[in-house]
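Asker: Pasting a structure here, questions to come.
Protein chains: 2
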Amino acid sequence: MASSKQTTSHKLTSVDARAIAEAHNRIQPHIHRTPILTSQSLNTIAGAQLFFKCENLQKTGSFKIRGASNAILSLTDREAANGVVTHSSGNHGAAVACAASWRGIPARIVMPHNAPAVKCRAVESYGGEILFCEAKVSSRMAMAARIQAETGAAMIHPYDDDRIIAGQATAAKEFLEEISDLDALLTPVSGGGLLSGTCLGAKSLREDVHVFGCEPERADDAYRSLKTGELQTMESSDTIADGLRASLSQRTFAILRTLVDGIVLVTEEEIISAARLVAERMKLIVEPSSSIAIAPLLRPKGVGVLNLPARKDGKPLKIGIIFSGGNVDLAGLR
Amino acid sequence: MASSKQTTSHKLTSVDARAIAEAHNRIQPHIHRTPILTSQSLNTIAGAQLFFKCENLQKTGSFKIRGASNAILSLTDREAANGVVTHSSGNHGAAVACAASWRGIPARIVMPHNAPAVKCRAVESYGGEILFCEAKVSSRMAMAARIQAETGAAMIHPYDDDRIIAGQATAAKEFLEEISDLDALLTPVSGGGLLSGTCLGAKSLREDVHVFGCEPERADDAYRSLKTGELQTMESSDTIADGLRASLSQRTFAILRTLVDGIVLVTEEEIISAARLVAERMKLIVEPSSSIAIAPLLRPKGVGVLNLPARKDGKPLKIGIIFSGGNVDLAGLR
């Protein structure tokens, strides 16, 4: 586990409890308050009390609608006049297309040519226009910047944006509003929007809650960044967790350096078998980018992998897991 | 649609609002209050506001734990002394095994040899003892009766039992407690425990709510019974909806004759494509015996298939669907 907690404040973000509450008020009429489910058989495997925030059941099938709708609904009319543009491996693209349709403005989505078909169909179903690019982070960003310059569209970055981070933080806010004494929260980490939002959303409500990111071994830039104390990037990755192929930005890295309690690396095999177990035991379809957040707890040590202090009430640790999305081609479940 | 509503009272059951409330109090500490989910894209297809009560997310993966736990927890110590026995195509067996384990008594489950492997594993995982029989209703019942005679175990019939029906009725009670102005409820129908419980649970709270059963064309005994006014039985069926191969009893038939608004027949193809659509759009795994309850609304006429009067508020009809279970071999999703 990589961890390099700093005591310096994270100056690269304006996201605080107030911004998160404002985001929540803004988006609540439009999104689902997703259920928090439990599973006795997964509790037994992990040796903990697990709580699952089901953002796979969220509108557009992932948490991404939280940040995207917060960003798009807070644009001024002038900012929104030429529509929006973004680059995304899929779920953020669908979320931007959906939130743009609520606002009645066009959305242009730059996607890597190897994005799953189910995610492309989703963007189109919300009326978004897809523009394919090479499967490299730099290609995505360059094409999105060009479109922004040409069209005057507002850029809705998938994570390097305080409005996005404040929106993603609302999932942790809802989580702690319902299960107030969670010991720790686990989320996937890719660009760091959900993980940094979860740190801010959770710790602004309860400073002593632990927050961990789960990252594919094959896309371990956040792990290396935290370990070395310097932002590490990654041009591409072939992890099955197609939503986790992006790298941290300076903004999300700064937040994580200050607030995250650790990054846990997960193998491809662990990601796949976790998705299968969730389908079998919980009857829920989660995408590989999402099953990763339960995977570490399925190891022989169970919750021991997190090295957390015992609870004062002597009960098993209470661990919250954000199931971030469910957009997977069904063939992938085999 | 078959319907033969009688004005005579249903004398074969003692299940009333009070019995249902008592059942609810008895089982609530042990079961999940399952979430009620919505899906904009399914609303669009059906032309209605759909609400899905997710009993696939219930303990043991189906609503059957409601009736089984009500029956087993209300046994006297003397009645429970020699354990319990039942016959079941799967979900009721797992539920009986689970509730018996809560009570610390043995459970013997007679299952047809062609029951899905996932359902056999579930029974075993709760410590139940499986006894296989021929895939005929008469074989199941004969073997269970023999075991009852030999062991003195208490028979927990899957549906021909007021304690079971009262337990199953609690799903509709929870449904109307949360969505009080539903126009109609749809459930699968097999032996009629869930459907008769839903009629009693829903109509004891709001007399004017409509209740429909959905039944495989290939196992249409309830449809024929309602149509002819005489109980029709069925020795076996090869429908993919493995939980819907049983026939009504005199008790459930009497309740349905009085209270159900109709039975809709569904083809095998409709059952399968409904399960796929639910997985894709809702990220939920529902078994074929469960997807059948949404299938009629996916036809070109949408909710029009139910011939319901329009709502007084001019809004789209509000239809509640009970997703009864999620225990399916994952290969079945392909």
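If you read the protein sequences in the order shown, they are chains C and P.
Read in order, the letters of the first sequence correspond to residues 2 to 335 in the numbering used here.
Read in order, the letters of the second sequence correspond to residues 2 to 335 in the numbering used here.
All C-beta atoms in this analysis are idealised placements derived from N, C-alpha and C, irrespective of residue type, glycine included.
Quick caveat: nothing in here was measured; it's all calculated off a predicted structure.
1. Could you say which of ILE295(C), ALA96(C), ILE320(C) and LEU43(C) lies nearest to GLU216(C) if we only look at CA atoms?
2. In terms of alpha-carbon separation, which member of VAL16(C), ALA96(C) and ILE131(C) lies closest to ASN328(C)?
3. If you count every other CB in all the chains shown that lies within 10 Å of the CB of GLU23(P), and 16 or more means buried, which is it?
4. Using a Cβ-Cβ cut-off of 8 angstroms (strictly less than) and excluding sequence neighbours within five positions of ARG164(P), which residues of its own chain qualify?
5. What residues from chain P crowd round ILE286(C), counting only those whose CB sits closer than 8 angstroms?
6. Interface residues of chain P around PRO36(C) at Cβ under 7 angstroms?
7. Evaluate the contact criterion for the segment 226-239 of chain C versus the segment 170-190 of chain C: three or more CB pairs, one atom per stretch, below 8 angstroms.
8. By a C-beta neighbour count over all protein chains shown, 10 Å radius and 16 as the cutoff for buried, is ASP162(C) buried or exposed?
9. When you compare the CB positions of ASN83(P) and THR152(P), do they come within less than 8 angstroms of one another, or not?
10. What did DSSP end up calling ARG335(P) once you bin it into helix, strand or coil?
11. Starting from PHE176(C) and walking both ways along the alpha helix (DSSP H), at which residues does that stretch end?
12. Mind listing the chain C neighbours of ASN57(P)? Cutoff is C-beta to C-beta under 7 angstroms, in chain order.
13. Pair every Cβ in the segment 46-53 of chain C with every Cβ in the segment 306-325 of chain C, then say whether three or more of these pairs are closer than 8 angstroms.
14. Using the rule of at least 16 other Cβ atoms within 10 Å of the residue's Cβ for burial, across every protein chain shown, is ARG277(P) buried or exposed?
15. Starting from the beta carbon of GLY327(P), find every residue of chain C whose beta carbon is closer than 8 angstroms, and list them in chain order.
16. Please identify, using Cβ separations under 9 angstroms, the residues of the segment 98-131 of chain C that lie next to chain P, in order along the chain.
17. Taking the alpha helix (DSSP H) that PHE254(C) falls in, what are its first and last residues?
18. Where LYS313(P) and ASP330(C) are concerned, what is the direct C-alpha to C-alpha distance, given to the nearest angstrom?
19. Let me see if you follow: with CB-CB separation under 8 angstroms, is GLY62(P) close to chain C or not?
20. Which term fits GLN251(C), buried or exposed, when burial requires 16 or more other beta carbons within 10 angstroms of its beta carbon?
21. Should the segment 86-106 of chain P be regarded as contacting the segment 144-158 of chain P, the criterion being three or more beta carbon pairs within less than 8 angstroms?
22. In the DSSP assignment, the alpha helix (DSSP H) including ILE73(P) goes from what residue to what residue?
23. Would DSSP call GLY326(C) helix, strand or coil?
24. Using the Cα positions of ALA18(C) and MET156(C), report the straight-line distance between them to the nearest angstrom.
25. How big is the Cα-Cα spacing for ALA275(C) and ILE293(C)?
26. Could you confirm whether any beta carbon from chain P is found closer than 8 angstroms to the beta carbon of THR9(C)?
27. Would you mind sorting PRO113(P) into buried or exposed? The rule is 16 or more other CB atoms within 10 Å of its CB.
28. Using 10 angstroms around the beta-carbon of LYS302(C), count the other beta-carbons present and answer buried if the total reaches 16, otherwise exposed.
29. List in chain order: all unbroken beta strand (DSSP E) runs of 3+ residues lying wholly within the segment 201-274 of chain C.
30. Compare the beta carbon distance of GLN169(P) and GLY194(P) with 8 angstroms and say whether it is the shorter of the two.
31. Mind listing, in chain order, the continuous beta strand (DSSP E) runs of no fewer than 3 residues lying wholly within the segment 24-95 of chain P?
32. Is it the case that the Cβ atoms of LEU249(C) and ASP222(C) are separated by a distance below 8 angstroms?
33. So is PRO310(P) buried or exposed if we call it buried at 16+ other beta carbons inside 10 Å?
34. How would you write the range of the beta strand (DSSP E) that ILE131(P) sits in, first residue to last?
Answerer: On the basis of the data shown:
1. Here the question's residue 216(C) lines up with position 215 in the first sequence. When only C-alpha atoms are compared, the closest one is ILE295(C).
2. Working through the first sequence from its first residue, we reach residue 328(C) at position 327. Checking every option, the nearest Cα to that of ASN328(C) belongs to ALA96(C).
3. Reading the second sequence from its first residue, position 22 is the one you call residue 23(P). By the 10 Å Cβ count, GLU23(P) comes out exposed.
4. As a first step, residue 164(P) is located in the second sequence; it is residue number 163 there, counting from the start. Here the set comprises ALA24, GLY68, ASN71, ALA72 and SER75.
5. Counted from its first residue, the first sequence places residue 286(C) at position 285. Chain P residues near ILE286(C): ALA280, LYS284, LEU285 and ILE286.
6. Taking the first sequence and counting its residues from 1, one reaches residue 36(C) at position 35. Going along chain P in sequence order, the residues near PRO36(C) (Cβ under 7 angstroms) are PRO36.
7. no
8. What you label residue 162(C) is simply residue 161 of the first sequence in a count that begins at 1. ASP162(C) is buried by the Cβ-count criterion.
9. Here residue 83(P) corresponds to residue number 82 of the second sequence, with the count starting at 1. Here residue 152(P) corresponds to residue number 151 of the second sequence, with the count starting at 1. Against a cut-off of 8 angstroms, the Cβ pair of THR152(P) and ASN83(P) comes out as a contact.
10. Position 334 of the second sequence, counted from the first residue, corresponds to residue 335(P). Reliability fails at ARG335(P), whose pLDDT of 42 lies under 50, so the model's placement of it is uncertain and the value that follows must be treated cautiously. In this structure, ARG335(P) counts as coil in the three-state DSSP scheme.
11. Position 175 of the first sequence, counting from 1, holds the residue named residue 176(C). That run of the alpha helix (DSSP H) goes 163-179.
12. In the second sequence, the residue the question calls residue 57(P) occupies position 56. Under the 7 angstroms cutoff, chain C gives LYS284.
13. yes
14. As a working mapping, residue 277(P) is identified with position 276 in the second sequence. ARG277(P) is exposed by the Cβ-count criterion.
15. Working through the second sequence from its first residue, we reach residue 327(P) at position 326. Ordered by position in chain C, the residues that pass the 8 angstroms Cβ test against GLY327(P) are LYS284.
16. VAL119 and SER126
17. The residue you call residue 254(C) lines up with position 253 of the first sequence. 251-260 is the span of the alpha helix (DSSP H), which, as asked, contains PHE254(C).
18. Counting from 1 along the second sequence, the entry for residue 313(P) is found at position 312. Counting from 1 along the first sequence, the entry for residue 330(C) is found at position 329. Their Cα atoms are separated by approximately 41 angstroms.
19. As a working note, residue 62(P) is residue 61 in the second sequence. Chain C contact via Cβ: present.
20. In the first sequence, residue 251(C) corresponds to position 250, counting from 1. That one is exposed.
21. yes
22. Working through the second sequence from its first residue, we reach residue 73(P) at position 72. First-last of the alpha helix (DSSP H) with ILE73(P): 65-74.
23. By 1-based counting over the first sequence, the position of residue 326(C) is 325. If DSSP states are grouped into helix, strand and coil, GLY326(C) belongs with the strands.
24. Looking up residue 18(C) in the first sequence gives position 17. Looking up residue 156(C) in the first sequence gives position 155. Roughly 24 angstroms separates the two Cα atoms.
25. Residue 275(C) sits at position 274 when you count from the first residue of the first sequence. Residue 293(C) sits at position 292 when you count from the first residue of the first sequence. Between ALA275(C) and ILE293(C), the C-alpha separation is close to 7 angstroms.
26. Translated into the one-based positions of the first sequence, residue 9(C) becomes position 8. For THR9(C), the pLDDT reaches just 47, beneath the cut-off of 50, and the residue's location in the model is therefore unreliable, although a value from the coordinates is still provided. No, no contact with chain P.
27. Within the second sequence, numbered from 1, the residue matching residue 113(P) stands at position 112. Buried, by the Cβ-count rule.
28. Along the first sequence, one-based indexing puts residue 302(C) at 301. Flag for LYS302(C) reads exposed.
29. 211-217 and 263-267
30. The sequence position of residue 169(P) within the second sequence is 168, counting from 1. The sequence position of residue 194(P) within the second sequence is 193, counting from 1. Taking 8 angstroms as the Cβ cut-off, GLN169(P) and GLY194(P) qualify as a contacting pair.
31. 50-55 and 85-88
32. Along the first sequence, one-based indexing puts residue 249(C) at 248. Along the first sequence, one-based indexing puts residue 222(C) at 221. Going by C-beta atoms, LEU249(C) is nearer than 8 angstroms to ASP222(C).
33. If you number the second sequence from 1, residue 310(P) lands on position 309. That one is exposed.
34. Counting from one through the second sequence, the residue named residue 131(P) turns up at place 130. Unbroken beta strand (DSSP E) run through ILE131(P): 130-134.
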